[in-house]
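Here's the structure we're looking at; comments come further down.
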Amino acid sequence: MRPVTRIGTALSVLLFAAACSDTPLVPTRPPDAIPSPGAPNAQFSARDRQELLARQLALALNSPALRQALLVELDRSPSSEKKVHFQALLAGGQGQFRQALARAGGVDQVTITAEASAAGPLEAYLPVPAHRARWRGGEDLLVATAADDGDTPVAFDLRGRRRLLDPARPPDQPVLALVPAEQPFEGLYPSIGFCPPEGCDTGSLTTATGGLYMTYASFSQTFESWLKGNPEFEVHILGQDGSGSTLKSYQCAGEHAGGPYAFDQNAKTWSGSVMLFSQNQFESFQTSHSGQAVRVLVIEDDDGACVIKTDKDQLSNLFKALDAAYQLWTGGKADLLNLTKLFKRATMLQQLYASTAALITTNDDIVGNAIDDDIVGQTWSGTNWIACGWRPSGRHGWRGRSNPSAA
């Protein structure tokens with residue numbers, strides 16, 4: 174059987190971030206307004222926990238020896254942004270980081286471990302490339318955190334003084350980010366070849382395997398604040414879950430998806446070849462869900478690779494609005510009987526998405542639901558798919574063109 178025709182996808186978000194002028198660091202609330210270490214957990218929000226840990230880390234890093242130890246671990250990280258897992262950093266070695274934070278917070282090490290565990294997986298790194306290149310363990314350092322992408326970063330100098338940073342652009346002074354982990358870790362460092370919860374299906378797959386592919390992507394923004402570093406764009410194939418009206422993600426393509434599903438878009442434009450859904454997956458889906466289409470959803474991940482973490486009602490309401498606007502022509506099917514193996518537009522009957530995250534503490538950015546450009550009524554040279562979302566025009570996201578050559 175000949176494989177499904179490759180589809181290349183060119184992306185362009187019809188949304189622009191407002192430019193902001195430089196804002197100097199200014200003191201806000203005094204340090205004693207921050208929740209006290211060891212306070213009852215009921216007093217702590219996610220922001221409180223992260224802020225408390227960031228301040229304790231900043232105070233601990235007033236030690237030149239601890240700064241050098243941190244620099245060594247950052248430099249050893251295999252990730253492109255030199256990330257380390259904060260909780261593993263506390264637990265590793267002879268516990269020097271845990272001990273230092275305990276001294277800084279005036280609490281015991283058990284309390285530090287409990288606070289870090291309650292905060293959820295955190296990563297520490299210098300998100301600004303110029304800061305990574307310049308900082309060599311000196312005292313010219315801020316420790317900053319933000320619970321959600323787009324929040325105003327809260328920073329502490331090495332004396333524990335609190336500052337607010339410009340959310341639109343970083344300061345000149347190097348910033349160590351302590352933020353929710355956007356990728357899986359194996360011990361201290363990011364794991365390589367992560368397989369998402371729904372499975373990778375990579376056993377016999379290669380880049381020559383038939384399936385649905387993306388070959389180009391271009392956005393007008395990254396959907397990521399500077400404190401969160403590089404964007405983590407993901408493409409999810411959503412399909413019917415069971416026999417009802419609920420959708421689930423059958424496959425994720427992204428930086429940490431593994432195998433032929435891995436692609437890493439660190440800027441507004443990307444080109445290459447990444448599989449979104451294999452021919453075997455299409456055939457298996459059709460066997461279980463005869464006649465059903467799939468949705469192609471693009472997100473920018475903010476918390477946990479290849480797991481959609483967003484308000485399920487917001488996402489479901491978007492699908493309902495798009496289905497109403499485009500008369501259900503919001504999905505696609507692989508024509509497995511056609512010799513050219515086309516991926517073409519199709520009607521969708523499922524609109525509800527049940528998030529796999531039991532407790533959502535951050536929201537992934539919804540870039541859009543891919544819709545055939547003939548249905549949307551817009552054309553762009555060399556493209557044929559548009560991701561539509563909630564923005565003022567009622568659509569934004571990505572556009573793509575089918576590549577006539579088979580995989």
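For the sequence shown, this note's numbering begins at 174 and goes up steadily by one.
Where a beta carbon is used, it is the ideal one built from N, C-alpha and C, also for glycine.
Closest option to W399, judged by alpha-carbon separation, among L338, D508, V471, I548: L338. Of all alpha-carbon atoms in V316, D345, D321, the one lying nearest the alpha-carbon of L331 is that of V316.
Beta-carbon to beta-carbon, S422 and Q523 are separated by about 12 Å, too far to satisfy the 8 Å threshold.
Around the CB of E456, fewer than 16 other CB atoms lie within 10 Å, so the residue is classed as exposed. Setting aside the 5 residues that flank it on each side, S444 is surrounded in the same chain by Y389, each with a C-beta closer than 6 Å to its C-beta; the list follows chain order.
Apart from the 5 residues on each side of it in sequence, M448 sits with its Cβ closer than 6 Å to the Cβ of G384, Y386, P433, Y434 in its chain, given in chain order.
CA-CA distance, Q260 to A497, rounds to 46 Å. With contact defined as three or more Cβ pairs closer than 8 Å, the region 305–325 and the region 341–360 are in contact. Where S290 is concerned, the enclosing alpha helix (DSSP H) starts and stops at 282–291.
In this chain, the beta strand (DSSP E) harbouring L315 covers 315–318.
One thing to note: V549 has its Cβ no nearer than 8 Å to the Cβ of V471. The beta carbons of Q459 and Q424 sit about 14 Å from each other, so the pair does not count as a contact at 8 Å. DSSP links T419 through a beta bridge to L525. Collapsing the DSSP output to three states places N439 in coil. Closest option to L234, judged by alpha-carbon separation, among R220, D414, L314, G412: L314. Between A264 and R271, the C-beta gap is smaller than 8 Å, which places the two residues in contact. Residue pairing of W308 in beta bridges, as defined by DSSP: absent, with no partner found. Take A519, set aside five residues on each side of it, and the residues of its chain with a beta-carbon closer than 6 Å to its own are A466, G504, G505, K506, in chain order. The C-beta of E254 has 16 or more other C-beta atoms within 10 Å across all chains shown, which makes the residue buried.
Taken through DSSP and simplified to helix, strand or coil, K401 comes out as helix. Here E312 is exposed: its Cβ has fewer than 16 other Cβ atoms, across all protein chains shown, within 10 Å.
Taking the Cα of A478 as reference, the smallest distance to any Cα among D508, G464, V408 is reached at V408. Within the model, the alpha-carbon separation for P344 versus V301 is close to 10 Å.
The three-state secondary structure of D330, taken from DSSP, is coil. The straight-line gap separating the alpha-carbon atoms of L239 and K441 is approximately 36 Å. Between E288 and E355, the gap from beta carbon to beta carbon reaches 8 Å or more.
In this structure M521 is in contact with L501, their Cβ atoms being roughly 6 Å apart against a cut-off of 8 Å.
Here R309 is near L244, since their CB atoms are less than 8 Å apart.
If only uninterrupted alpha helix (DSSP H) runs of at least 4 residues are considered, those enclosed by the region 229–267 are 237–249, 259–264.
For Q282, same chain residues with a beta-carbon under 8 Å away, outside a window of 5 residues either side, are G268, R271, Q272, A275 in chain order. A277: member of the alpha helix (DSSP H) spanning 269–278, first to last residue. For D538, the uninterrupted beta strand (DSSP E) segment begins and ends at 538–545.
Within the same chain, and ignoring the five residues on either side of G333 in sequence, the residues whose Cβ sits closer than 7 Å to its Cβ are P204, R228, A231, L232. Per DSSP, reduced to three states, the secondary structure at Q487 is helical.
DSSP places E456 in the helix class (H, G or I) of the three-state scheme.
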